[in-house]
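> Numbering (the working numbering), first residue to last: 826 to 986.
We treat Cβ as the ideally placed atom computed from N, Cα and C, and that holds for glycine.
Take a look at this one; I'll ask things after.
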């Protein structure tokens, strides 16, 4: 970001005329990053919902397969290979569905919760930007012949932002 490289603390302290441009450029970059993070949050939330649905689908598949195996009258012998395979498959699917539901969704959910405060931050950022613009506008309206107290008051207002 070349604008940031131009941002010099001495210029900020001296209220250089290009400082506002640099601050606005940084603010625009911050808003763009915030928007990108919001999009990432929505994508992660979509993945969480899809994983939850996938977990339910695996559990349904396991239950259906188990019911089919138990209710099939042609499979009566307990040593039958198909029946053993079916029960192993069902138990594997149950474990997989449980792991998918608890581990992956929980991990992604923590990432989603990390970004929950962003809408509030963007609102505060906009309010701060308006306040900063107003204070800067008040300072720039002052003439060079303004009394010292008025200039000092405007500078104090700018410094408090």
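Closest to residue 879 by C-alpha separation, out of 922, 910, 911, 871, would be which residue?
Start at 1 with the first residue of the chain shown, and residue 879 comes out as number 54. Checking every option, the nearest Cα to that of residue 879 belongs to 922.
> Would you identify the three-state DSSP class for residue 971, choosing helix, strand or coil?
Residue mapping note: residue 971 aligns to position 146 of the chain shown, counting from 1. The answer is coil: DSSP assigns residue 971 none of H, G, I, E or B.
> How would you call residue 973, buried or exposed, if buried means at least 16 neighbouring beta carbons within 10 angstroms?
Within the chain shown, numbered from 1, the residue matching residue 973 stands at position 148. When all chains shown are included, residue 973 counts as exposed.
> Measuring straight from C-alpha to C-alpha, what distance separates residue 882 and residue 864?
On the chain shown, position 57 is the one that residue 882 refers to. On the chain shown, position 39 is the one that residue 864 refers to. Cα to Cα, the separation comes out at about 27 Å.
> Determine the DSSP secondary structure at residue 877, reduced to helix, strand or coil.
Position 52 of the chain shown, counting from 1, holds the residue named residue 877. Residue state, collapsed to three classes: helix.
> In angstroms with no decimal places, state the Cα-to-Cα distance between residue 854 and residue 886.
What you label residue 854 is simply residue 29 of the chain shown in a count that begins at 1. What you label residue 886 is simply residue 61 of the chain shown in a count that begins at 1. For residue 854 and residue 886, the distance between alpha carbons rounds to 48 Å.
> Does any CB atom of chain D fall closer than 9 Å to the CB of residue 863?
Looking at the structure shown, chain D is missing, and only one protein chain is on hand.
> Using a Cβ distance threshold of 8 Å, determine whether the stretch 904-920 contacts the stretch 887-896, with at least three qualifying pairs required.
They touch, by the three-pair rule.
> So residue 915 is in the alpha helix (DSSP H); what residue range does that whole segment cover?
Your numbering for residue 915 matches position 90 in the chain shown. From DSSP, the alpha helix (DSSP H) with residue 915 extends over 906-924.
> Whose CA, out of 983, 914, 915, lies closest to the CA of residue 959?
For the purposes of this step, residue 959 is taken as the residue at position 134 of the chain shown. Closest option to residue 959, Cα to Cα, is 983.
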